[in-house]
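Following: one structure in C-alpha cells, then a few remarks.
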Amino acid sequence: MLGKVNFKNKDFLIQNVLKSESEILEKEVKEKLGIIQRKNIDKPIITISINSTSIISGAHNLNKSINDYLIDRDIEADIVSVGSLGLCSIEPVISVQIPGKTQLFYKNVLPENIISILDGTFNNFIQEENVLGQLTDDILDPWEKVPFFNELAYFKNQQRLVLKNCGFINPESIEEYIAAGGYKSYYNVINKNTPEEVCDLIEASKLRGRGGQGYLTGKKWKIAYETPSAQKYLICNAGESDPGAFMERILIESDPHKVIEGIAISAYAIGVQKAFIYIETEYTLAIERIKNAIEQAKGFGLLGHDIMKSGYNLDIVIKRGAGAYVCGEETALISSLEGKRGKPHSKPPYPATNGLYNQPTIVNNVETLVNVPIIIEKGVDWYKSIGTEESKGTKVFSISGKVEYTCLVEVEMGTKLRDVIFRVAGGIKNEKRFKAVHIGGPSGGCLTEKHLDTLIDYESVMLTGISLGSASMVVLDEDNCIIDLVKYFMNFMQHESCGLCIPCREGTRRMYEILKSISKRPKDENGHTTLQRFKGVMQLESLAEILKDTSMCGLGKKASNPVLSTLKWFREEYEDHIFERKCDAGVCQELKTFEINIDACTGCTLCAKKCPTGAIFGTVKSKHFIVQDKCIGCGICFETCKFSAIVSK
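Once you know that position 361 of the sequence shown is 358 in the numbering used here, the rest is easy, because the numbers rise by one and skip nothing.
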C-alpha cells in the first residue's frame, strides 16, 4: 500500500515539507511526494473506497476479489484504501491508474464485474456502465470519452474545502495527508503565532459554529481563553445521533488527520493541553481511524510533550458515547463525559467559563474544527470572500430521501437550496414531483417548493422559521406523507428526551399521541374517542408553541419545530387526515380502506385466509366482502389478490 511509503525519518519530512516556504523541495522529497500523490508511478494503482457505506455494499468482498484477480494474473499492482467521495448511493467506488494515464474511477463495482472492469482498463478499454469519471492532470494522459470530475454536476456545483481530501487520500497514512498539505497550518501556528493571535484570526474570519445556531467561533474561543484557569478543555463533538445525518462520520473515516489538525490548532489557541473527541461507540471504523491518526501524529511529534520543540503539550483522548440525541446539547455532553447521566443544565454559566470539571471548556463539532486549518492556510481575507455577508465559508450537508444520489455535499454559503437538490444531488428520483425538504434532523423543519430559491445561510434559513441545525436534508416527493414524517420525528424526540423538564418530557409524548390519533381511523365514531381526538388536534399548535417557549435546553425548545413548520406549510394535509380521514400519499396504513370489486372477485378465498383480523367473509367460489370495522388497513389482501379484485381507497 502507498500509505506505507516512508521517508528517511520523520524529522526529514517535517524539515522539507512542513517548514517549506515554497514549492522548491529537495529531490528525494519531490520524488516520494509524487509517488504518494500517485503521479510518478511505475506500476498500476487500484484504490478502493472503504467506509461505512461501502462496507455495507460489500467493499471487503470486493477487496478480496481484486487481490485474487491480481494474484491469478500475476499482475504487480498496489491496492490502496481511501475514504468516501461522498457519493454514498454508488458505492463501492474504485479507481484504477496505470503508468502515464490519469486516475479513472468506477462506481457500483461488485465482485462479479471486477474482472471485466480491470481486464478492460489494463487493455485501454472502458466499462461504460460502471465508469464515473477521471481526474484532470497536466502531466498524465487522459482517457478518451470519459468525463472529468470537474464536468460532473455533483462535483462542478460544489466548493470542496472541508471534503477536499475525501476519497482521494489514504486515511490511514499521515504521509499522504502531509503530502496533500496537511499539518502545515498547525506547524506555522505553533511556530509563528501566539494563542491570542489565532483567536483573533478565527474571530476576524467570522467562522460560525457548524452544529447549532451558528455562534461566532472566535468569540466563543476568546471567552475561554480570557477566563483564568490552570486547566482548560476542548471537546470535539463527533456524536451524530440525528437520523439522516452522516457528515461527521464520513469525514472522520475519510480524512481523520484533518480533524486532528483542526483540534490541535484550536486547542493551542484556547490554551488547552487536553482535548476530547466525543464519538458514538457504534462508529467502529471512524474510531479506529481517528485512533490510528492520533498515534501517527504522536509518532511524528505533532502531539504529546513539547510539540516540535515549541514548549506546547497536547493530548487527545477518545471518549465513546451511547448515541443519546440529548448529548448534542453541550452541557448534556459534558455531563456524559464526566461519567454522569447525559442531561442538560441551565445556562449561564456557559461551558466557556464553567464546563467540564468546572473548568473553561469549548465544545465544537467536527466541521467547525476542520475549517480552522483551512482559514490558517488560505488566510482570513480569502475565507471571508466565500459565502454571504454574515455566513462565511462553505457548509457540508448530508442528503438522503427521494433524491438521485444519497450523498455528502459541500457548497458555498449562499447557494440556493434548489441547486443543492436538483444539481448536486441529481434531482428527484423517477421523475416524481418534489414535495418538501426536511432540514436539520428531528428538531428541524420542512421547506416547500416555494422555498427552493432560499439561500443556504444562517439568516436566510432562519427567516423561513427553521434553522440549519445538524444540516441533514431529507428530500420528500409526492409519495411521502407529511404527517407520517412528523410522527416519526416526534416519536424519536419523546424517546430521546432526557425527561428533566416537564414541557419537553410530556409535550413531545402528547404531540406524538395526537399525531397518531389523526393518522388512524377512530374506533368509536360518535363517542368519547372522537371527542378526545378533536380536542387533541385543536391543542396541537398551542402545545408546540408552549414547548418552544418553556423547555429548558435548546433541544427541547426546537423539539416542536417539525410540527410548527408543517402546520404552517401543509395545513391542508393535516385537515385531510383530520376531517376527510384520508392520506393522499397512501402512507398512513390505518387510514387506508379496502373494498372488494364483486365483479372481479372469483371466490378463491386466498385473501380471507391471509387476513390477520378475519375481516373478509365469503365462501368458496362466491363473492367476498370486507367488514370495515374489523379491517386494520394492513393491505395484505391487496397484495395477495391475483385477480385485482381488491381496491385501495
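Even glycine gets a Cβ: it sits at the ideal position worked out from N, Cα and C. Here the structure is a predicted model, which is why all the values come from computation and not from measurement.
Note: residue 394 is bridge-paired with 406 in the DSSP secondary-structure output. When DSSP reads this structure, residue 460 sits in no beta bridge, so it has no partner. Contact between the region 494 to 501 and the region 538 to 550 is present, with at least three C-beta pairs closer than 8 angstroms.
The residue among 216, 76, 71, 208 with its C-alpha nearest the C-alpha of residue 42 is 76. Here residue 86 is actually not in contact with residue 590; their C-beta atoms are around 35 angstroms apart, not less than 8 angstroms.
Closest in C-alpha terms to residue 349, from the list 133, 89, 223, 272, comes 223.
In the DSSP annotation of this structure, residue 491 is not part of any beta strand (DSSP E); the continuous alpha helix (DSSP H) holding it starts and ends at 479 to 493. DSSP places residue 182 outside any beta strand (DSSP E); the residue lies instead in the alpha helix (DSSP H), whose first and last residues are 181 to 189. Annotated three-state conformation of residue 573 is helix, per DSSP.
DSSP, read as helix, strand or coil, puts residue 467 in coil. Between the alpha carbons of residue 434 and residue 506 lies a distance of about 24 angstroms. Distance from the CA atom of residue 396 to the CA atom of residue 614, rounded to whole angstroms, is 47 angstroms. Annotation: the continuous alpha helix (DSSP H) that includes residue 365 extends over 363 to 375. Under the DSSP assignment, residue 515 falls in the alpha helix (DSSP H) whose first and last residues are 499 to 515. Taking residue 206 as the centre and dropping the five residues before and after it, the same chain places the C-beta of 212, 214, 365 closer than 6 angstroms to its C-beta, in chain order. In the structure shown, the three-state DSSP call for residue 57 is helix. Rounded to whole angstroms, residue 620 and residue 604 show a C-alpha spacing of 12 angstroms.
It is roughly 19 angstroms from the alpha-carbon of residue 414 to the alpha-carbon of residue 208. A distance below 6 angstroms between beta-carbons, with the five flanking residues on each side excluded, links residue 342 to the following residues of its chain, in chain order: 328.
Checking the DSSP bridge columns, you'll see residue 75 partnered with 42. By the Cβ criterion, the region 567 to 578 is not in contact with the region 456 to 474, since fewer than three pairs of Cβ atoms, one from each stretch, lie closer than 8 angstroms. Take residue 384, set aside five residues on each side of it, and the residues of its chain with a beta-carbon closer than 8 angstroms to its own are 390, 391, 409, 410, 411, 454, in chain order.
Within the region 217 to 302, the complete beta strand (DSSP E) segments of 3 residues or longer fall at 230 to 234, 271 to 277, listed in chain order. In this structure, the straight-line span from the alpha carbon of residue 351 to that of residue 220 is close to 11 angstroms.
Within the DSSP bridge table, the entry for residue 145 names 131 as partners. Annotated three-state conformation of residue 442 is strand, per DSSP.
In the DSSP annotation of this structure, the continuous segment of the beta strand (DSSP E) that includes residue 312 starts and ends at 312 to 318. DSSP, reduced to helix, strand and coil, places residue 415 within a helical segment of the structure shown. In the three-state DSSP reduction, residue 635 falls in the helix class (H, G or I). Looking at the backbone, the Cα of residue 106 and that of residue 143 are separated by about 17 angstroms. Between residue 60 and residue 45 a beta carbon distance of about 6 angstroms is seen, short of the 8 angstroms cut, so the two are scored as contacting. Just measuring C-alpha positions, the residue of 380, 247, 642, 189 sitting nearest residue 265 is 189. The beta carbon of residue 278 sits closer than 6 angstroms to the beta carbons of 317 from its chain, once the five residues preceding and following it are set aside; these are given in chain order. A straight-line Cα-Cα distance of about 11 angstroms links residue 375 and residue 382. In this structure residue 183 is buried. Its beta-carbon is surrounded by 16 or more other beta-carbon atoms within 10 angstroms.
Looking at the DSSP output, residue 539 bridges to nothing.
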